[in-house]
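**Student:**
Protein chains in written order, with our numbering: chain A, 5 to 269; chain B, 1126 to 1466.
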């Protein structure tokens, strides 16, 4: 990242303040706070069960934190509902793939365009000009994304029939199609080989560079994390352990301890 | 899906298929089929039930909501149509038909509400309420039946622009018109963004919600449109096939029949609704005639009809094991095989 960025990192776009979430007696997140800056790539790391996915689920509105607040573009996200939060401009991918298995790749990505398609069912049924126009326009956008992700040859295949790596790509494509300002990527590279990971990194960096999308990603591969992220936040047992640029995180004793499990004296 | 797309998702083949079907149903059948039996006992109920199956297909095959109660919405549509024609002077038949569909759709929204809380087999049980409530309501309040004490009400004649359509052929043509229009609309929705939203909710509801699809609106929309189709189908069924209105005709058995049509025909396909309806309706007729012609009265008629049921049941089980995606899929496979050669 030596050269000048087209979209320089700016002020906080998403702020997580003192968020706590528990399921019954199990505390998933305890008093976690961090903020995500506009146009940055932020990695959330931490050992298994540290509450990383729960954190994304809170931001995305699937879970409602018992305490604390999440502020997006200076607006408190109080009415928690994934579809309202999607409307505000936050999109995501899921850890265990949440694609529409019986639909084709193109249709899956078209669902990502949902918020850009406003024709109601009567207009669709009668194929009015509006419905036709928006369908054609949005298909064009999706074709662009398909081309960008280099999955042209499989665009009409039902997603359920694709291998895992390609499904991950389709899911990224679907999230990209939303043109959301913030993308939450939950382990976008889990289970991929080195080659596939490199490709995925390239896509993420390119999107961030070309459209300036703010990315929040959970990743276990430290090499990848240190390479592509601008800032890293470390969660451990639901608490924020550290927050800062990769070089700082690498040297942080607490983080090293959390990962290596050093006994405190 | 090559470059020969003419209109939206429609290819040249789709257009040819459509024209062929229209020629068959509007020219060849009316010219060649003369006996009233074919119209009133096979073609008319087939088209009516196929229309109801499209409704069931929308809610179950596309939106993935296990609902059982199509016959309830059919009853609502049938009695709504009867009352509209009875009470609103000079109401055009098609207007009455559309309004009865809308009334059924209102019931659809009401009975679709449980889908927001429960799913799967539990939803199926909850939607049974529509089946029992609507039929009970019609039975309980005499107003719906115009205080007719005999229990069976004769349906009014279908009058369109001053001309009454009473012969089997005429009624068949009315039905072909309605079914064609509604089927095209259903295909448009299924292939467009509306259908995509339904399928997204069916395949993975959390992801659909995260992409900005409101589960509440999408599910209720599917229920309403489904009930609209069932309502129109019910009105046509009563006015052209039964020629009378009795709540008993719309019992749970009919709901199950429509459910089987959709499952056998192939979930998530519009053509499956037609194929499934044809299979469920025609197969007993076929078995019956085989039974009569092969055994020539050597076996008692009651036994033959029981054997029919057994054979039918076994066939459904075999079918579900070997082609769980339904007959529409089977048909696709056959076509693909021929194309490859």
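Note that beta-carbon positions come from the ideal geometry of N, C-alpha and C, so glycine has one too.
Since we're looking at a predicted model, the values are computed, not measured.
1) Helix, strand or coil for residue 1243 of chain B? Go by DSSP, reduced to three states.
2) Do the CB positions of residue 63 of chain A and residue 18 of chain A come within less than 8 Å of each other?
3) If you follow the alpha helix (DSSP H) that residue 252 of chain A is in, where does it begin and where does it stop?
4) Assign residue 95 of chain A to one of three DSSP states: helix, strand, or coil.
5) Leaving out five residues before and five after residue 1264 of chain B in sequence, what residues of the same chain have Cβ atoms less than 7 Å from its Cβ?
6) Using a Cβ-Cβ cut-off of less than 7 Å, give me the residues of the stretch 102-116 of chain A that come near chain B, in sequence order.
7) Excluding the 5 residues flanking residue 1467 of chain B on each side, which residues of the same chain have their C-beta closer than 8 Å to its C-beta?
8) Taking the C-alpha atoms as reference points, what is the distance between residue 263 of chain A and residue 150 of chain A?
9) Could you work out which residues of chain A lie near residue 1350 of chain B, taking near to mean beta carbons separated by less than 8 Å?
10) What are the residues of the stretch 129-153 of chain A that lie near chain B, defined by any Cβ-Cβ distance shorter than 9 Å?
11) Where does residue 1335 of chain B fall in DSSP's three states?
12) Along the chain, where does the beta strand (DSSP E) that runs through residue 1314 of chain B open and close?
13) What does residue 238 of chain A pair with, by DSSP beta-bridge criteria?
14) Can you look up residue 197 of chain A in the DSSP assignment and give me helix, strand or coil?
15) Please list the segments of the alpha helix (DSSP H) lying wholly inside the stretch 1141-1170 of chain B, counting only runs of 4 or more residues, in order along the chain.
16) Checking contacts by CB at 8 Å: is residue 90 of chain A closer than that to chain B?
17) Between which two residues does the alpha helix (DSSP H) holding residue 1430 of chain B run?
18) Would you say residue 193 of chain A lies against chain B (beta-carbon separation less than 8 Å)?
19) Taking only three categories from DSSP, how would you classify residue 1250 of chain B?
20) Excluding the five sequence neighbours on either side, which residues of its own chain have a C-beta within less than 6 Å of the C-beta of residue 65 of chain A, listed in chain order?
21) Which same chain residues end up closer than 7 Å to residue 1284 of chain B when comparing Cβ atoms and leaving out the 5 residues on each side of it in sequence?
22) If you measure between the beta carbons of residue 219 of chain A and residue 189 of chain A, is that distance less than 8 Å?
23) Who are the neighbours of residue 98 of chain A on chain B, taking C-beta pairs under 7 Å?
24) Over the uninterrupted alpha helix (DSSP H) stretch that includes residue 1409 of chain B, give me the two end residues.
25) Under 8 Å, CB to CB, which of the residues in the stretch 1442-1462 of chain B have a partner in chain A?
26) Find out if the Cβ-Cβ distance for the pair residue 228 of chain A, residue 1319 of chain B is shorter than 8 Å.
27) What does the alpha-carbon distance come out to for the pair residue 257 of chain A and residue 120 of chain A?
28) Along chain B, in chain order, which residues have C-beta atoms closer than 8 Å to that of residue 48 of chain A?
29) Look at residue 1269 of chain B and residue 1204 of chain B and say whether their C-beta atoms are less than 8 Å apart.
30) Output, in chain order, the set of chain B residues within a Cβ distance shorter than 8 Å of residue 86 of chain A.
31) Below 7 Å CB to CB, which residues in the same chain sit around residue 253 of chain A once its five sequence neighbours on both sides are set aside?
32) Quick check on residue 1127 of chain B: does DSSP put it in helix, strand or coil?
33) Against chain A, does residue 1145 of chain B count as a neighbour if the rule is that its beta carbon must be under 8 Å from one of theirs?
34) Considering only their Cβ atoms, is the gap separating residue 43 of chain A from residue 74 of chain A smaller than 8 Å?
35) Taking the continuous beta strand (DSSP E) assigned at residue 186 of chain A, which residues delimit it?
36) Residue 1170 of chain B to residue 1161 of chain B, Cα distance in whole Å?
**Tutor:** In short, the structure shows the following:
1) Residue 1243 of chain B falls in the coil class under three-state DSSP.
2) Yes, these two residues count as a Cβ contact at 8 Å.
3) Its alpha helix (DSSP H) spans residues 250-255.
4) Reduced to three states, the DSSP call for residue 95 of chain A is strand.
5) Cβ within range, chain order: 1372.
6) Look at the stretch 102-116 of chain A: the residues with a C-beta under 7 Å from a C-beta of chain B are 102, 103, 104, 105, 106, 107, 111, 114, 115, 116.
7) Any property of residue 1467 of chain B remains undetermined from this structure, which presents chain B solely from 1126 to 1466.
8) In this structure, the alpha-carbon of residue 263 of chain A lies about 38 Å from that of residue 150 of chain A.
9) Within chain A, the residues 125 have their CB atoms less than 8 Å from the CB of residue 1350 of chain B, given in chain order.
10) Per Cβ criterion, the list reads 129, 130, 131, 135, 136, 138, 139, 140, 142.
11) Looking at residue 1335 of chain B - three-state DSSP - the assignment turns out to be helix.
12) Where residue 1314 of chain B is concerned, there is no enclosing beta strand (DSSP E), although the alpha helix (DSSP H) it sits in stretches over 1293-1316.
13) Under the DSSP definition of a beta bridge, residue 238 of chain A partners with A:49, A:246.
14) Coil.
15) Whole alpha helix (DSSP H) segments, 4+ residues: 1154-1157.
16) Interface residue, yes.
17) Segment 1426-1447, the alpha helix (DSSP H) holding residue 1430 of chain B.
18) Closer than 8 Å: no.
19) Helix at residue 1250 of chain B.
20) Contacts found: 84, 85, 86, 89.
21) A distance below 7 Å between beta-carbons, with the five flanking residues on each side excluded, links residue 1284 of chain B to the following residues of its chain, in chain order: 1218.
22) Using a Cβ distance threshold of 8 Å, residue 219 of chain A and residue 189 of chain A count as a contacting pair.
23) Simply 1332.
24) Boundaries of the alpha helix (DSSP H) around residue 1409 of chain B: 1395-1420.
25) Listed by position, the residues of the stretch 1442-1462 of chain B near chain A (Cβ gap below 8 Å) amount to none.
26) Taking 8 Å as the Cβ cut-off, residue 228 of chain A and residue 1319 of chain B do not qualify as a contacting pair.
27) So the alpha carbons of these two residues sit roughly 46 Å apart.
28) The contacting residues do not exist; residue 48 of chain A stays about 18 Å from chain B at best.
29) Yes.
30) Within 8 Å of the CB of residue 86 of chain A, the CB atoms of chain B belong to 1331, 1334, 1335, in sequence order along the chain.
31) Correct list, in chain order: 236, 238, 246, 259.
32) Here the model assigns residue 1127 of chain B a pLDDT of 38, short of 50, so the residue's position is not dependable and the matter cannot be decided.
33) Against chain A, the CB of residue 1145 of chain B has no partner CB under 8 Å away; the residue lies outside that interface.
34) Contact: no.
35) Start and end: 186-190.
36) Within the model, the alpha-carbon separation for residue 1170 of chain B versus residue 1161 of chain B is close to 13 Å.
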